[in-house]
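Working notes, beginning with the structure itself.
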């Protein structure tokens with residue numbers, strides 16, 4: 001039995017009501033995941049049970065070398081308009097809360113202005129003066145976890161004799177009473193239950209932030225393989241999340257019907273952060289390819305041109321030698337009768353052939369540049385397909401191999417259809433990667449949202465050629481954010497970033513061709529969603 | 001007031017004791033993170049409060065389309081040796097627990113063999129028959145979260161009139177009594193507090209498994225860049241964790257003093273899983289390099305050899321032509337007096353020079369193979385440094401450039417010191433990556449443990465050249481696991497995996513040279529830690 005009070009039965013009756021209340025508070029504490037809500041809840045319920053006029057909650061902050069007490073929450077019924085801002089005080093035994101935090105003892109003080117002189121703690125009466133209040137009875141309790149570590153302090157002030165009075169300094173002495181022993185004991189248990197919930201919340205927060213941190217760090221290291229895309233995933237996440245928030249505030253049009261919950265916005269964020277994760281499966285050589293030929297291919301061709309030239313030179317000399325030999329062998333006495341015309345002709349042929357080789361090389365260098373549009377036709381190249389040389393094995397071979405020619409004949413950009421497929425495979429790699437991960441129920445759609453970011457409304461996207469009805473709204477939003485950032489950041493090795501105004505123009509064209517969602521794009525423009533990544537249309541218009 | 005019972009005061013006195021008990025149960029429920037412990041706790045405490053002889057806990061399983069009730073925990077004081085194994089029953093209203101789970105109603109049944117005929121639920125009396133027990137009073141309560149969803153069912157059986165009796169079928173009727181209304185109400189609250197804890201635990205588990213799944217999946221995709229190392233990180237994690245567990249059971253030697261907590265073992269596991277994460281920062285070309293020259297370099301050299309040969313041929317013909325020309329110009333009447341000896345000599349010189357080129361090429365091909373040991377000296381190569389050819393620009397150039405020669409002169413393996421540094425930089429990349437991540441307090445040493453896995457006890461490791469005293473025990477363990485797996489898996493493009501017995505021999509040599517910890521290695525061998533990744537010494541000895 002915890003009760004030593006002579007008014008035994010009366011108190012028992014009061015406590016009977018408590019049972020229900022306490023169990024409900026326990027359940028509420030366990031289920032609250034927001035720290036501020038939790039602290040306000042424990043304070044309000046503790047005040048209610050004890051009929052306290054005021055109270056506050058402190059948390060121990062040991063994150064750096066000088067531990068502090070964070071003054072987190074304050075409630076005061078008599079002064080409902082009291083403004084409160086969180087602040088830190090040094091953790092010493094000179095304050096009531098500090099003493100309790102350091103010793104783990106409870107303090108049950110009948111009159112805060114009559115403290116035992118042999119104790120270190122003192123009331124900071126400046127609070128009372130500042131707010132014209134009189135602190136009298138005080139109950140200060142440690143909030144301890146199961147290991148007995150003090151996580152915080154619960155301070156209850158002025159136990160009232162009647163719950164309906166408002167304490168003004170004039171009536172405080174008669175309208176308050178000391179806290180009882182049973183209240184101290186029960187509240188201490190309750191405070192510790194709060195401590196356990198705080199600890200569990202902190203643990204959960206730390207695991208969530210560990211996950212988030214790991215995701216972001218891995219996205220960054222994967223992006224570093226292709227310097228052109230650095231920061232892209234984070235920006236697409238910011239743009240898509242902002243777009244979702246803007247859709248939530250839309251009141252007309254078909255988007256007005258759509259609302260994304262906090263859970264869904266978190267899901268969108270992870271899908272966007274991870275949409276290009278599959279690029280890890282694309283070889284660096286293709287990711288960072290900047291011309292049509294890879295540098296080592298050009299080097300091999302250069303050597304082959306040299307061999308071809310030398311072969312021409314050799315063949316010319318050979319012809320001249322044979323001419324001379326034939327001439328000599330005719331045993332003509334007219335040794336002065338050399339065929340200078342023929343020799344000259346051979347030399348001239350050689351010069352011409354070398355010139356042709358040089359022309360070819362220049363055409364090849366020109367054709368090797370990536371073309372964003374089809375403006376520069378590759379017609380000249382077709383001439384080159386006919387040119388052969390004699391290799392050292394004696395065989396006649398094309399100067400540019402069909403494989404090389406295939407690379408050079410690319411009409412848009414610098415990638416062959418095969419290479420483009422490899423690049424496009426990043427979406428499937430992303431999906432396969434994300435599918436392997438045991439997403440929580442709240443994030444279960446991350447893989448499919450990310451999977452859809454290159455689909456087009458008219459079914460011309462990839463990898464599944466989905467049509468609008470099959471593409472999730474989230475993926476449609478992300479598609480716009482992705483294209484916008486790719487255009488403005490200049491995500492290809494041979495492209496600079498475009499100004500916002502140009503990117504929007506390209507996106508409008510895409511919308512007109514039923515590639516991206518026109519309503520989402522309109523909102524993207526109207527609400528200037530792009531400003532979330534630091535783009536301002538005003539500034540960019542001046543530059544444009 | 002929740003109490004309608006006329007024995008008001010007596011019950012109040014009982015309930016006063018309950019307050020303390022209930023608050024303590026609440027705190028215990030909130031702080032318990034293990035599901036089985038939690039379920040046993042709620043059942044034991046509920047039985048204690050209600051003086052129940054037996055009880056069980058069921059959880060609702062909605063993971064597939066046919067929801068089930070999982071019979072998770074059973075306790076029976078009168079039958080303490082009752083064996084119990086978890087099983088699933090269909091979720092229908094025909095069973096007491098199923099009815100409660102489906103309706104959310106409590107059932108307070110005075111006699112389980114006298115059920116109301118208008119209700120769907122029936123007692124499965126086969127349980128009683130099987131264990132020679134008699135179920136009489138039953139209290140069945142839903143375990144509901146704050147949203148009112150039923151997570152499970154708490155079933156209490158046979159409220160005893162005295163706590164010290166053992167119920168045998170003969171005395172059950174006289175020694176049991178029905179459950180009271182207050183017990184129903186209080187227990188329902190407590191059951192729901194348990195439900196909230198179960199839900200929070202499940203949430204935390206799901207986030208932890210999300211993190212774990214993400215880590216494993218990213219490690220896998222990063223390893224896929226270098227097929228030789230696939231599965232390496234997971235195996236090193238298994239080996240190092242097993243090593244830690246074996247150290248925990250060591251009772252003699254200096255390792256006996258070392259104990260790793262569950263937290264530390266988890267930390268070791270993550271450090272090992274992630275120890276090679278920094279390989280993402282090493283270009284694929286270096287990671288997968290299989291010979292001393294990259295394939296495209298060999299291709300360029302091949303072309304250069306062709307050019308050199310053609311140049312020799314040209315020069316020979318040129319010399320012959322000039323000889324002939326000179327001869328003709330001497331206007332000698334003896335035109336038959338050609339210099340065949342000289343011509344033959346020139347042709348012979350050419351043949352010899354071409355032969356020399358071919359020899360060079362063969363030496364180069366031989367030198368291009370990686371050498372695991374210094375057995376094959378690269379002396380022949382030094383001859384090649386002198387060989388030059390005349391390029392098409394007329395300049396004389398070395399046939400093998402100093403840069404290429406530098407690659408070919410590598411004495412061990414196939415990497416130059418510079419490339420080796422790039423490979424070694426993966427440790428620093430790993431550390432920089434891991435440092436960016438907001439590890440929880442429990443995992444705070446993951447970065448430093450992973451950072452030390454290539455350090456050697458004598459200070460010859462990298463990247464910090466730490467000595468034994470500066471290398472954490474965890475990193476010393478991981479170093480052995482890492483080397484063992486690298487050797488047995490064959491982690492280099494030109495190496496096959498070695499048998500266990502050979503790998504251990506190499507490790508013993510490392511230990512003798514004060515590179516790896518000999519005591520840990522001894523334990524690794526003695527306890528056959530390597531079997532954790534499926535290696536059996538017996539099998540491998542046969543192969544060796």
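Residue numbers (full-length UniProt numbering), protein chains in the order written: chain A, 1 to 544; chain B, 1 to 544. C-beta: ideal position from N, C-alpha, C; glycine also.
Query, Result
"Mapping DSSP to helix, strand and coil, what is residue 87(B)?", "strand"
"Quick check: is the beta carbon of residue 335(A) nearer than 8 Å to any beta carbon in chain B?", "Per-residue confidence for residue 335(A) stands at a pLDDT of 48, beneath the threshold of 50, marking its modelled position as unreliable; the derived number appears in the next sentence. Output row for residue 335(A): interface = yes."
"According to the neighbour-count rule (16 or more other Cβ atoms, all chains shown, within 10 Å of its Cβ), is residue 545(B) buried or exposed?", "Given a span of 1 to 544 for chain B in the structure shown, any question on residue 545(B) remains unanswerable."
"Below 8 Å, how does it come out for the segment 378 to 390 of chain B and the segment 279 to 286 of chain B: are there three or more Cβ pairs, yes or no?", "no"
"When the distance is taken between beta carbons, is residue 91(B) closer than 8 Å to residue 102(B)?", "yes"
"Where residue 439(B) and residue 481(A) are concerned, what is the direct C-alpha to C-alpha distance, given to the nearest angstrom?", "31 Å"
"Per DSSP, which residues does residue 144(B) bridge with? Please list them.", "150(B)"
"Roughly how many angstroms lie between the CA atoms of residue 240(B) and residue 60(A), to the nearest whole one?", "37 Å"
"If you reduce the DSSP assignment to three classes, tell me which class residue 489(B) lands in.", "helix"
"For chain B, is any of its Cβ atoms less than 8 Å away from the one on residue 146(A)?", "yes"
"Please state whether the Cβ-Cβ distance between residue 57(A) and residue 73(A) is less than 8 Å.", "yes"
"Quick one: is residue 192(B) near chain A, going by C-beta distance under 8 Å?", "yes"
"Under 8 Å, Cβ to Cβ, is there at least one residue of chain B near residue 281(A)?", "yes"
"Name, going along the chain, the residues of the segment 293 to 323 of chain A whose beta-carbon falls closer than 7 Å to a beta-carbon of chain B.", "296, 299, 300, 303, 304, 306, 307, 309, 310, 311, 313, 314, 317, 318, 320, 321"
"From the DSSP output, read off the bridge partner residues of residue 71(A).", "58(A), 87(A)"
"Decide if residue 161(B) is buried, meaning its Cβ has at least 16 other Cβ atoms within 10 Å, or exposed.", "exposed"
"Step through the CB atoms of chain A and report whether any lies within less than 8 Å of the CB of residue 210(B).", "yes"
"Under three-state DSSP, which class holds residue 386(A)?", "coil"
"Just how far apart, CA to CA, sit residue 516(B) and residue 477(B)?", "9 Å"
"Using the DSSP secondary-structure output, state which residues sit across from residue 108(B) in a beta bridge.", "139(B)"
"Does DSSP put residue 613(A) in a helix, in a strand, or in coil?", "Because chain A in this structure spans residues 1 to 544, residue 613(A) falls outside the shown range and cannot be described."
"Starting from residue 216(A) and walking both ways along the beta strand (DSSP E), at which residues does that stretch end?", "It is not in any beta strand (DSSP E) - residue 216(A) instead sits in the alpha helix (DSSP H) that spans 181 to 223."
"Which whole-angstrom value is the C-beta distance of residue 190(A) and residue 18(B), which I expect to be below 8 Å?", "Their Cβ separation, rounded to whole angstroms, is 15 Å, which puts residue 190(A) and residue 18(B) out of contact at 8 Å."
"Name, going along the chain, the residues of the segment 17 to 30 of chain A whose beta-carbon falls closer than 8 Å to a beta-carbon of chain B.", "17, 18, 19, 20, 22, 23, 24, 26, 27, 28, 29, 30"
"Taking one C-beta from the segment 252 to 259 of chain A and one from the segment 247 to 259 of chain B each time, how about it: are there three or more such pairs within less than 8 Å?", "no"
"When the Cα atoms are used, what is the spatial distance from residue 120(B) to residue 457(A)?", "53 Å"
"Give me the residue from 36(B), 93(B), 139(B) with the minimum Cα distance to residue 54(B).", "139(B)"
"What's the gap between the Cα of residue 69(A) and the Cα of residue 29(B)?", "28 Å"
"Give the residues of chain A in contact with residue 217(B), contact being defined as C-beta atoms less than 7 Å apart.", "433, 436, 437"
"Over the uninterrupted beta strand (DSSP E) stretch that includes residue 630(B), give me the two end residues.", "For residue 630(B) there is no data in the structure shown, the boundaries of chain B being 1 and 544."
"How about residue 131(A) and residue 82(A): do their beta carbons lie closer than 8 Å?", "yes"
"Going along chain A in order, which residues have a C-beta closer than 9 Å to the C-beta of residue 126(B)?", "Here the premise fails: no neighbours, minimum Cβ distance about 35 Å."
"Should the segment 173 to 191 of chain A be regarded as contacting the segment 145 to 165 of chain A, the criterion being three or more beta carbon pairs within less than 8 Å?", "yes"
"Leaving out the 5 sequence neighbours to the left and right, which residues in its chain are closer than 7 Å to residue 67(A) when beta-carbon positions are compared?", "60, 61, 91"
"Can you name the residues that DSSP bridges to residue 177(A)?", "159(A)"
"Hey, residue 293(B) and residue 407(B): beta-carbon distance below 8 Å or not?", "yes"
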